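Enquirer: Quick one: the structure is below, and I'll ask about it shortly.
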Amino acid sequence: MEDVLSFVNEIRPYLEVLYFVAGVVVACAAVFALKQISILKRTLHVQSKRDALKITSEQCENYFSNIIDLKNQFFKKVKEHNIEYFNGWEVTVTNNVISVKHKSTPSIKGLDKLAEEFRVLNSIESFSSFFVSNLADEQVAYDTVGMTFLRFNRELMPWILSCNEKGHYNNLTTLFVKWETRRMNDELQRQKLYLDEKIKQASFKSDVPLGAENR
Numbered sequence: 655m656e657d658v659l660s661f662v663n664e665i666r667p668y669l670e671v672l673y674f675v676a677g678v679v680v681a682c683a684a685v686f687a688l689k690q691i692s693i694l695k696r697t698l699h700v701q702s703k704r705d706a707l708k709i710t711s712e713q714c715e716n717y718f719s720n721i722i723d724l725k726n727q728f729f730k731k732v733k734e735h736n737i738e739y740f741n742g743w744e745v746t747v748t749n750n751v752i753s754v755k756h757k758s759t760p761s762i763k764g765l766d767k768l769a770e771e772f773r774v775l776n777s778i779e780s781f782s783s784f785f786v787s788n789l790a791d792e793q794v795a796y797d798t799v800g801m802t803f804l805r806f807n808r809e810l811m812p813w814i815l816s817c818n819e820k821g822h823y824n825n826l827t828t829l830f831v832k833w834e835t836r837r838m839n840d841e842l843q844r845q846k847l848y849l850d851e852k853i854k855q856a857s858f859k860s861d862v863p864l865g866a867e868n869r
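According to my numbering, the sequence shown is numbered sequentially starting from 655.
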């Protein structure tokens, strides 16, 4: 028994050193693992951003090469059949809600001739889904196709909303609200900058009434 205790006492310093070294190794391994996790997160973020931009580029190309062609076909049919339904509407977005109104009852004459041409909205709905789901970068897409997207869908919005009541075109209307709100905000910011500049240029200075300096 004494021999065992003596042996333990002899190797105890070495065990303590090994224990200390093991602790250091574990700590270093933990630090290394945390760094690797951080690097992995950055890598995934960069890859995710790259993938999003790739999808954005593809969808913008799809908009220019496919959707615009469908839009042109749509308006060609509208003109051919003298359809007036889409004229005279006022479309607004307030508190993320789209509203439409018309001064008089719009004519629905000829709308049945557009049944096939409304497929353009299916293409725009598919386009919108990539940005509503955050698979693509909607800010980049807005800068690229935002204005033409808003103009076309603003003209068709009365029809789109009537379909939306049946559960259709949810992605389209969601993206329209987002981009129209951004457009209005940008316009207000430009107006503010313009007014601020006008105020600076005015340099209004009140003259002191005669005799007031002697009071």
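We treat Cβ as the ideally placed atom computed from N, Cα and C, and that holds for glycine. Keep in mind it's a predicted model, so treat the numbers as computed, not measured.
(1) Let me confirm a value: Val751 is counted as buried when at least 16 other C-beta atoms fall within 10 Å, else exposed. Which label applies?
(2) How far does the beta strand (DSSP E) with Ser753 in it extend, from its first residue to its last?
(3) How far does the beta strand (DSSP E) with Thr748 in it reach, from first residue to last?
(4) Compare the beta carbon distance of Asn825 and Glu792 with 7 Å and say whether it is the shorter of the two.
(5) So, using beta-carbon positions, are Ala795 and Ile709 closer together than 7 Å?
(6) Is the beta carbon of Val786 closer than 7 Å to that of Arg828?
(7) Over the uninterrupted alpha helix (DSSP H) stretch that includes Leu810, give me the two end residues.
(8) Shortest alpha-carbon distance to Asn749 belongs to which of Lys832, Thr802, Asn818 and Phe728?
(9) Let's test the definition: count the other Cβ atoms within 10 Å of the Cβ of Asn741 and tell me whether it reaches 16, buried, or not, exposed.
(10) Could you check whether Lys733 and Phe806 sit closer than 7 Å to each other, using their CB atoms as the reference points?
(11) Hey, out of Lys755, His735 and Leu849, whose CA is closest to Arg808's CA?
(12) Shortest alpha-carbon distance to Tyr717 belongs to which of Thr802, Lys852 and Asn818?
(13) Reducing DSSP to helix, strand and coil, say where Tyr739 ends up.
(14) Taking the beta carbon of Ser753 as the centre, do at least 16 other beta carbons fall within 10 Å, making it buried, or is it exposed?
(15) Going by beta-carbon coordinates alone, are Cys714 and Thr798 separated by less than 7 Å?
Expert: In brief:
(1) For Val751, the number of other beta carbons within 10 angstroms of its own is below 16, and it is reported as exposed.
(2) Val751 to His756
(3) Trp743 to Thr748
(4) Result no, Cβ atoms of Asn825 and Glu792 do not sit closer than 7 Å.
(5) no
(6) Here residue 828 is Thr; the residue named in the question, Arg, does not match the sequence. It is a contact, given that the beta carbons lie within the stated cut-off.
(7) Glu792 to Asn818
(8) Lys832
(9) exposed
(10) no
(11) Lys755
(12) That would be Thr802, whose Cα lies nearest to the Cα of Tyr717.
(13) Looking at Tyr739 - three-state DSSP - the assignment turns out to be coil, as it is neither helix nor strand.
(14) exposed
(15) yes
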